[in-house]
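Q:
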Amino acid sequence: MAAIKGRVAVLGIYAALIGILIATLYPLVWVVGTSLNPGNSLLISSMLPKNPTLAHFAALLRETDFLLWYRNTLVIAVANMLLSTLLVTVTAYAFSRFRFKGRQAGLIALLVLQMFPGFLSIMALFVLLLQTGLLNTHLGLILIYAGGSVSFGVWVMKGYFDSIPRSIEEAAIIDGAGRKELFARIMLPLSVPAITFVMLTSFIGPVMDFILPQIVLRSSEKMTLAQGLYGMVSDKTNSSFSLFAAGSVLAALPITALYMAFQKYLIHGLSAGADKG
Amino acid sequence: MKSNVTTMANRPLSRPWTAAVLSAACAGGGQLLNRQYAKGALFLSVYAIGVAFILPRLYEAIRGLITLGDEPTRIVNGALVKGDHSIFMMIDGLIALFVAAGLVWLHVLNAVDAYRQAACKSAASGGRAPGVRLAAREGRTALLLLLPAFVLVLFVSVIPMLFNILTAFTDYSSPNHIPDRSLVNWIGWGTFVRLFTEPAWYSTFTGILLWNVVWAALSTLTVFFGGLLVALMINHPKVRFKKLWRTTFILPWAFPAFIAILVFRLLFNGALGPINGLLEQIGLPAVPWLADPTMAKVTILLVHFWISMPFLMALQSGILTTIPKDLYEAAEVDGAGGRAKFSRITMPHVLLATSPILIMQFASNFNNFNLIYMLTDGGPANPAYFFAGSTDILLSWIYKMTLEQNQFNMASAVSIVMFVLIASISVLNYSRTQSFKEKD
Numbered sequence: 002m003a004a005i006k007g008r009v010a011v012l013g014i015y016a017a018l019i020g021i022l023i024a025t026l027y028p029l030v031w032v033v034g035t036s037l038n039p040g041n042s043l044l045i046s047s048m049l050p051k052n053p054t055l056a057h058f059a060a061l062l063r064e065t066d067f068l069l070w071y072r073n074t075l076v077i078a079v080a081n082m083l084l085s086t087l088l089v090t091v092t093a094y095a096f097s098r099f100r101f102k103g104r105q106a107g108l109i110a111l112l113v114l115q116m117f118p119g120f121l122s123i124m125a126l127f128v129l130l131l132q133t134g135l136l137n138t139h140l141g142l143i144l145i146y147a148g149g150s151v152s153f154g155v156w157v158m159k160g161y162f163d164s165i166p167r168s169i170e171e172a173a174i175i176d177g178a179g180r181k182e183l184f185a186r187i188m189l190p191l192s193v194p195a196i197t198f199v200m201l202t203s204f205i206g207p208v209m210d211f212i213l214p215q216i217v218l219r220s221s222e223k224m225t226l227a228q229g230l231y232g233m234v235s236d237k238t239n240s241s242f243s244l245f246a247a248g249s250v251l252a253a254l255p256i257t258a259l260y261m262a263f264q265k266y267l268i269h270g271l272s273a274g275a276d277k278g
Numbered sequence: 012m013k014s015n016v017t018t019m020a021n022r023p024l025s026r027p028w029t030a031a032v033l034s035a036a037c038a039g040g041g042q043l044l045n046r047q048y049a050k051g052a053l054f055l056s057v058y059a060i061g062v063a064f065i066l067p068r069l070y071e072a073i074r075g076l077i078t079l080g081d082e083p084t085r086i087v088n089g090a091l092v093k094g095d096h097s098i099f100m101m102i103d104g105l106i107a108l109f110v111a112a113g114l115v116w117l118h119v120l121n122a123v124d125a126y127r128q129a130a131c132k133s134a135a136s137g138g139r140a141p142g143v144r145l146a147a148r149e150g151r152t153a154l155l156l157l158l159p160a161f162v163l164v165l166f167v168s169v170i171p172m173l174f175n176i177l178t179a180f181t182d183y184s185s186p187n188h189i190p191d192r193s194l195v196n197w198i199g200w201g202t203f204v205r206l207f208t209e210p211a212w213y214s215t216f217t218g219i220l221l222w223n224v225v226w227a228a229l230s231t232l233t234v235f236f237g238g239l240l241v242a243l244m245i246n247h248p249k250v251r252f253k254k255l256w257r258t259t260f261i262l263p264w265a266f267p268a269f270i271a272i273l274v275f276r277l278l279f280n281g282a283l284g285p286i287n288g289l290l291e292q293i294g295l296p297a298v299p300w301l302a303d304p305t306m307a308k309v310t311i312l313l314v315h316f317w318i319s320m321p322f323l324m325a326l327q328s329g330i331l332t333t334i335p336k337d338l339y340e341a342a343e344v345d346g347a348g349g350r351a352k353f354s355r356i357t358m359p360h361v362l363l364a365t366s367p368i369l370i371m372q373f374a375s376n377f378n379n380f381n382l383i384y385m386l387t388d389g390g391p392a393n394p395a396y397f398f399a400g401s402t403d404i405l406l407s408w409i410y411k412m413t414l415e416q417n418q419f420n421m422a423s424a425v426s427i428v429m430f431v432l433i434a435s436i437s438v439l440n441y442s443r444t445q446s447f448k449e450k451d
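Just so you know, the sequences run in chain order E and Y.
Numbers given in this note's numbering equal positions in the first sequence, counted from 1, plus 1.
Numbers given in this note's numbering equal positions in the second sequence, counted from 1, plus 11.
1) Just to confirm the assignment, what range does the beta strand (DSSP E) spanning Y/A85 have?
2) Find the residues of chain Y that neighbour E/K6, judging by a C-beta separation of less than 7 Å, and give them in chain order.
3) Is there contact here, the stretch 333–349 of chain Y with the stretch 377–395 of chain Y, by at least three beta-carbon pairs under 8 Å?
4) Measure from the C-beta of Y/A49 to each C-beta in chain E and report whether the shortest distance is under 8 Å.
5) Suppose contacts are defined by Cβ-Cβ distances below 8 Å. Is Y/I261 in contact with Y/P299 by that definition?
6) By the criterion of Cβ-Cβ separation under 9 Å, what are the contact partners of E/Y94 in chain Y?
7) Is Y/L405 helix, strand or coil by DSSP?
8) Please tell me whether Y/K249 has its Cβ less than 8 Å away from any Cβ of chain E.
9) Would you kindly report the start and end of the unbroken beta strand (DSSP E) that includes Y/L91?
10) For E/L18, go through chain Y and note every residue whose CB falls closer than 7 Å to its CB, in chain order.
11) Do you know offhand how far Y/A36's Cα is from Y/D403's?
12) Mapping DSSP to helix, strand and coil, what is Y/G347?
13) My output table needs one value for E/A125: the three-state DSSP class, helix, strand or coil.
14) Please report the straight-line C-alpha distance between Y/A63 and Y/Y48, rounded to a whole angstrom.
15) If you pair each beta-carbon of the stretch 125–135 of chain E with each one of the stretch 195–209 of chain Y, do three or more pairs fall below 8 Å?
16) Do three or more CB pairs link the stretch 262–282 of chain Y to the stretch 248–267 of chain E at distances below 8 Å?
17) In this structure, does DSSP put Y/A52 in helix, strand or coil?
18) Would you kindly report the start and end of the unbroken alpha helix (DSSP H) that includes Y/M358?
19) Would you mind working out which of E/Y231, E/L201 and E/M200 sits nearest E/P214, comparing C-alpha positions?
20) Give me the subset of the stretch 204–233 of chain Y whose CB atoms are less than 7 Å from a CB atom of chain E, sorted by chain position.
21) Is the stretch 132–146 of chain E touching the stretch 149–158 of chain Y in the sense that three or more CB pairs, one from each, lie closer than 8 Å?
22) For E/S36, count neighbouring Cβ atoms within 10 angstroms of its own Cβ and tell me buried if that reaches 16, exposed if not.
23) Since Y/G389 sits in a beta bridge, which residues does DSSP pair it with?
24) Mind reading off the beta-carbon distance from E/I77 to E/I143? Whole number of angstroms is fine, and I expect it under 8 Å.
25) Which of helix, strand or coil does DSSP assign to Y/G138?
26) CB-CB under 7 Å to Y/A135, same chain, minus the five flanking residues each way: which ones, in chain order?
27) Which chain Y residues sit within Cβ distance under 8 Å of E/F99?
28) Could you tell me which whole alpha helix (DSSP H) segments of length 4 or greater appear in the stretch 138–207 of chain Y?
29) Going along the chain, which unbroken runs of the alpha helix (DSSP H) with 4 or more residues stay wholly within the stretch 164–245 of chain E?
30) Closer than 8 Å, Cβ to Cβ, to anything on chain E: give me those residues from the stretch 265–280 of chain Y, in chain order.
31) Please decide whether Y/N381 counts as near chain E, where near means a Cβ-Cβ distance under 8 Å.
32) Please name the residue or residues paired with Y/G400 in a DSSP beta bridge.
33) Since E/I77 meets chain Y, which of its residues come closer than 8 Å, beta carbon to beta carbon?
34) Expressed to the nearest angstrom, what Euclidean distance is found between the alpha-carbon atoms of Y/L239 and E/T257?
35) Residues of the stretch 303–319 of chain Y in Cβ contact with chain E at a cutoff of 8 Å, in chain order, please.
36) Mark Y/F236 as exposed unless 16 or more other C-beta atoms lie within 10 angstroms of its C-beta, in which case mark it buried.
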């Protein structure tokens, strides 16, 4: 009796897993199918088109600013990754290893800032950028991202630095190492996992973001992928579904590959932060 | 020669308080009194430049912050006369306040320096203790390391945040108070009073807030338990191809969310969407996925589930493997069934490990702008709401009020109320995390 009950349970699990499998893959297969399907119909009868064509990809590259959006996104993401990581590492190091007046106050200020979602200040940023001539520039966007990454990143990184025992440094000081050597030879190599986590999140953040570019970048040649692709489907009169599908495939492939390659770091970084709870 | 210098330095210079007061009255004065001529001259000249050039500008900027301008841009005899721009004046005034605070701080340091120098040199021991000097150097290095982040955060986060708060106390809104055609005025708590007393604003706010909280709670819980359930199913000892299930199910997590949302926007399209097409093929009626207010909310939850469940599944699979096997074995010896093992061992363990993440997820779902804006754009329209649709959350409402409707002051007031809400949740979160309580 128990054996039959167990077998039924296993069959149920298999059914559920297959159902989830279909629901998981359906949208993905649909995008790929639409991007290869000739014509501009949203309703395609077969997910695997009989006469696949690359025409939509060709049109996407020729008729839209897709490549430009792609390049913009990469430029912003890489620049933010470098700037944010540098800022976060240096700042977290100072908070972790130096004792100075206002240290506690600074840490608490960062915490409060983190609670205040940056984009609530939409119009303030808008006016500030307008006044400094940084509106509609990538630099303006990168500075906002980098400034926003400090509060979260510093807390993650400081926690990591704190966990590196001071005795290692003290031993190095006895061997005659200065501050710079301590940082470059000991702290940095030992913090590779935390640095990788900050680098990844500060690279992926801008790639995935929509709201800030939408505020800062106003002209088509400055746009990012998220803005460009949104424009293709938000316009009700525009029937560029196939172009959108082709663009999605091209945009999603590398990001998905990147995610899959680094998923361990991301999950680990988040759960490591949680472990301290 | 050397002994001569020492006696010079040890000779009483001046009384510390005299030096401090002199420096406070005029920077560098105390240093001159202390016979630090180069330092005194430098401080004095910087002070003179400051008084002559920076002070008048600071005064103007801070006056602008208080008045928010006297004359709007207008046409006089057919010519455009440029007037005051209240908003620019507000930002300039804010920056001026920070500059002024910095200058006051420097001035205090200068007076303190004069006091200390006089005190140290007149003290019998002479000179400073080495420990003090080392601590001062530490502080200076730390300051240098922190300066870039400090400046950036000041301009990108702090000043915008303060500007946002200030805006709530003005009448900055369309159609009558948009510079530079017209001026903006300070109106105190008026915007908040309107938000909480005018029925149309109040009902929009409470309606959206309620949906926002329900949405954040439901989206967090569905994903949490869904992820746990799937992780448990894959972990079931009799289930094969574990790696296949895991790798496939994690795909939506790796797939860029903004693209997935846009794809679902097309898939769930009422008239032309492929999902309704499929339903019709098998003889079922079309579903108003995004057109009906209630159905649209369900659709948003479904899409969110698709996007977010894989991450929770991966996380919980990891946690499940960390539960010691002997716990279960001991429970079996004691005669515990599957249900008891789940509720007494698995659940407590998973909850303990994921509770900070749960709260984090709740907070980020609370503000999930991308999902709402890109999937439904807040729609379907709700005629009872001010500038919002049925599925708008507070953040997307703020976005619309700001960038589409120019209701800047109301948007700011709502964002302040929202900040208070989020901050209370976060405080709860952080007070529970150990990482806040420092070890040293």
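Note that the Cβ used here is the ideal one computed from N, Cα and C, for glycine as well.
A: Let's see:
1) According to the sequence displayed, residue 85 of chain Y carries Arg and not Ala. Per DSSP, Y/R85 belongs to the beta strand (DSSP E) from R85 to V87.
2) Near E/K6 there are no residues of chain Y at all, since even the closest Cβ is about 11 Å away, more than 7 Å.
3) no
4) no
5) no
6) L156
7) helix
8) Interface annotation, Y/K249: in contact with chain E, CB-CB separation under 8 Å.
9) A90 to V92
10) M244 and W256
11) CA-CA distance, Y/A36 to Y/D403, rounds to 57 Å.
12) It should be pointed out that residue 347 of chain Y corresponds to Ala in this sequence rather than to Gly. Looking at Y/A347 - three-state DSSP - the assignment turns out to be coil, as it is neither helix nor strand.
13) helix
14) Each residue's Cα considered, the two are about 22 Å apart.
15) no
16) yes
17) helix
18) M358 to F377
19) Of the residues E/Y231, E/L201 and E/M200, the one whose Cα lies closest to the Cα of E/P214 is E/Y231.
20) Those would be none; no residue qualifies.
21) no
22) Per the 10 Å Cβ criterion, buried.
23) DSSP output for Y/G389 lists no bridge partner at all.
24) 6 Å
25) With a pLDDT of only 49 at Y/G138, under 50, the local geometry of the prediction cannot be trusted, and the value read off the model is given with reservation. Correct three-state label for Y/G138: coil.
26) Residue confidence is low: Y/A135 scores 45 on pLDDT, short of 50, so the model does not pin down where it sits. No coordinate-derived value is stated.
27) Correct list: E149, G150, T152, A153 and L156.
28) Listed in chain order, the complete alpha helix (DSSP H) runs (minimum 4 residues) inside the stretch 138–207 of chain Y are 141–164 and 170–178.
29) Here the runs fully enclosed are 167–175, 193–209, 212–217 and 226–235.
30) Of all residues in the stretch 265–280 of chain Y, only A265, F266, P267, A268, F269, I270, A271, L273, V274, F275, R276, L277, L278 and N280 come within less than 8 Å of chain E when Cβ atoms are compared, listed by chain position.
31) Yes, Y/N381 lies at the interface with chain E (some Cβ there is under 8 Å from its Cβ).
32) Y/A392.
33) Per Cβ cutoff of 8 Å: no residues; E/I77 is ~15 Å from chain Y at best.
34) 23 Å
35) When CB distances to chain E are screened at a threshold of 8 Å, the residues of the stretch 303–319 of chain Y falling below it are W317, in chain order.
36) Around the Cβ of Y/F236, a 10 Å sphere holds fewer than 16 other Cβ atoms; the residue is exposed.
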